[in-house]
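So the structure is just underneath, and the comments pick up after that.
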Amino acid sequence: MKDIAVKNLYGQAKWIWTEQIGLNQFAEFIKEFDYNGESQVFLEISAPTTYVVWVNGQYVFNGQYGDYDFYKVYDKIDVTAFVKEGKNILAVLAYNQGDDSFPYQYKTPAITFSIYADGKVLAISDKETLVRYSKIYNTGWSEPLA
Numbered sequence: 059m060k061d062i063a064v065k066n067l068y069g070q071a072k073w074i075w076t077e078q079i080g081l082n083q084f085a086e087f088i089k090e091f092d093y094n095g096e097s098q099v100f101l102e103i104s105a106p107t108t109y110v111v112w113v114n115g116q117y118v119f120n121g122q123y124g125d126y127d128f129y130k131v132y133d134k135i136d137v138t139a140f141v142k143e144g145k146n147i148l149a150v151l152a153y154n155q156g157d158d159s160f161p162y163q164y165k166t167p168a169i170t171f172s173i174y175a176d177g178k179v180l181a182i183s184d185k186e187t188l189v190r191y192s193k194i195y196n197t198g199w200s201e202p203l204a
């Protein structure tokens with residue numbers, strides 16, 4: 059994993075991606091966090107691509123952005139219904155097309171997120187975030203369908 063040199067939106071949260079950048083990448087990001095059960099929990103997440111979010115193995119949300127270098131957008135998601143007191147796991151699957159096409163203008167792949175409750179940060183995207191290529195989806199160039 060490496061930090062991507064783009065503007066940081068969330069204080070200490072970093073823009074992250076896999077070590078290598080290529081075509082048709084499916085990357086998974088895993089982060090554990092503790093929750094005391096006392097207040098609402100929110101996830102703020104931004105990516106210049108398509109992504110899906112799970113908390114504790116439950117589907118929460120999926121998003122897709124046009125995203126501009128000069129104007130970053132993010133989703134703010136209430137994840138309170140998906141967390142439990144104690145240890146929790148955030149999992150994000152993100153896609154990088156890796157090239158321009160009719161509906162997509164290539165951007166450096168990256169994702170950033172922060173999870174917080176009652177103004178206190180519970181977790182952020184950083185060098186401690188677990189990152190890997192997806193074990194479910196194929197990454198890389200593939201033959202076009204005939």
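The sequence shown runs 59 to 204 under this note's numbering.
Even glycine gets a Cβ: it sits at the ideal position worked out from N, Cα and C.
Where Thr170 sits in the DSSP three-state scheme: strand
Thinking just about the alpha-carbon of each residue, which of Val99, Ala152 and Gln122 is nearest to the one in Lys193? Ala152
Can you give me the start and stop residues for the beta strand (DSSP E) that Glu205 sits inside? In the structure as shown, the chain starts at 59 and stops at 204, and residue 205 therefore has no counterpart that could be examined.
Asn120: first and last residue of the uninterrupted beta strand (DSSP E) it sits in: Per DSSP, Asn120 belongs to the beta strand (DSSP E) from Gln116 to Gly121.
Length of the line joining the Cα atoms of Val179 and Ala71: 10 Å
Which of the three DSSP states, helix, strand or coil, is assigned to Asn66? Interpretation of Asn66 is limited by its pLDDT of 48, a score under 50 that renders its predicted location unreliable; no figure is taken from the coordinates.
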